[in-house]
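Accompanying notes for the structure given below.
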Amino acid sequence: MSIDKLAGSAAEAVADIPDGASLAVGGFGLAGIPWFLIEALLDQGAGNLTIVSNNCGVDGAGLGLLLEARKIDKVIASYIGENKEFGRQFLAGEVTVELTPQGTLAERMRAGGSGIGAFFTPTGVGTLVADGGLPWRYHPDGSVALASPPKEVRTFNDTPMVLEEAIVTDYALIRAAVVDKAGNCMFHAAARNFNPPAAMSGRTTIVEAERVVEVGELAPDAIHLPGIFVKRIVELTPEQAARKEIEQRTTRPRPGQLDAEPAHS
């Protein structure tokens, strides 16, 4: 029996995501984010969402679009990033933000997909991460409305470690370079960051694929995420697959470039 998880469109793939759903979203900055699934979710209209992602897009792009539309109620992320509106909403008491150390966040998602309820890590011991009191939500007047609770700390091999709970979400939205019809995924370069753990943590994982191939075309060693974690695949057009923006473009002159004569037309 053949396996085919292809959805007809991004809109079809996200149609059943309800208000109040939790979603793990892949990507780092704007690298490897599921551009078209995010935009389809925005058009679909679901709100009061909990988002688990390394960051929350930027102003006017990625998850920043859902923030601007007031569709997000809570974010679990490692940093505010390049998103001024994200910072404004957090400080104004409009969104709850659970800041989590970056490696801990990745491991919480991976643990959720692996059936591990919690784990101990030395990261955050001796800080508000472990001791509690980290602001999660503010009142409009700037006072703290909700703060993080203290966490259990135990010592292993003479090293104190803090207990971190795994994350399991209702859905996950990810992007991959090549996906076969069974959902086996291969990621390109920096896109292989938060996409695999985000995919693992979602009960229903949806992937937008830059290219879809038949089952068996991907070599076993080329598969970065087994298809067991993927429920739906959205195949992008070549034009859509070419959309890869970055938050900040930083370049430097090549050796000799400044001394070179300008080209003549």
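Residue numbering for the sequence shown follows UniProt numbering, beginning at 1 and increasing consecutively.
Glycine residues also receive a C-beta, built at the ideal position from the N, C-alpha and C atoms.
Residue i to residue j span [Cα, whole Å]
i	j	result
residue 231	residue 252	43 Å
residue 190	residue 34	14 Å
residue 104	residue 96	19 Å
residue 141	residue 44	33 Å
residue 264	residue 250	Here residue 264 scores only 47 on pLDDT, less than 50, and its place in the model is too uncertain to base an answer on.
residue 147	residue 127	14 Å
residue 114	residue 151	22 Å
residue 136	residue 188	34 Å
residue 28	residue 198	11 Å
residue 195	residue 256	39 Å
residue 17	residue 99	25 Å
residue 52	residue 154	26 Å
Beta-carbon proximity list for residue i, same chain, < 6 Å, skipping 5 on both sides
i	result
residue 209	176, 179, 233 and 235
residue 182	3, 215 and 227
residue 293	In the structure displayed, the chain extends from 1 to 265; residue 293 sits before or after that span and is not available.
residue 112	166, 167, 168 and 201
Neighbour-count burial assignment, residue i, 16 or more Cβ in a 10 Å radius
i	result
residue 143	exposed
residue 90	buried
residue 156	exposed
residue 48	exposed
residue 224	buried
residue 116	exposed
Cutoff 8 Å; reference residue i; Cβ partners in own chain excluding five residues on either side
i	result
residue 10	36, 37, 39, 40, 208 and 234
residue 15	44
residue 130	124, 150, 151, 153 and 162
The ligand PLP heavy atom lying under 8 Å from the CB of residue i
i	result
residue 32	The ligand PLP is not part of this structure, which contains no ligands at all.
Own chain, CB closer than 7 Å to residue i, minus 5 neighbours either side, in chain order
i	result
residue 110	197 and 200
- Task: Spell out a yes or no on whether the region 38-56 and the region 66-80 are touching, meaning 3 or more CB-CB pairs, one atom from each, closer than 8 Å.
- Result: yes
- Query: Pairing CB atoms from the region 213-230 with CB atoms from the region 13-21, are three or more of them under 8 Å?
  - Reply: no
- Item | the region 152-167 in contact with the region 115-125 per 3-pair CB rule at 8 Å | yes
- Task: Would you mind listing the alpha helix (DSSP H) stretches within the region 25-70 that are 4+ residues and don't spill past its ends, in chain order?
- Result: 35-44 and 63-68
- Query: Curious, which full-length beta strand (DSSP E) runs of at least 3 residues does the region 155-204 contain?
  - Reply: 159-165 and 169-180
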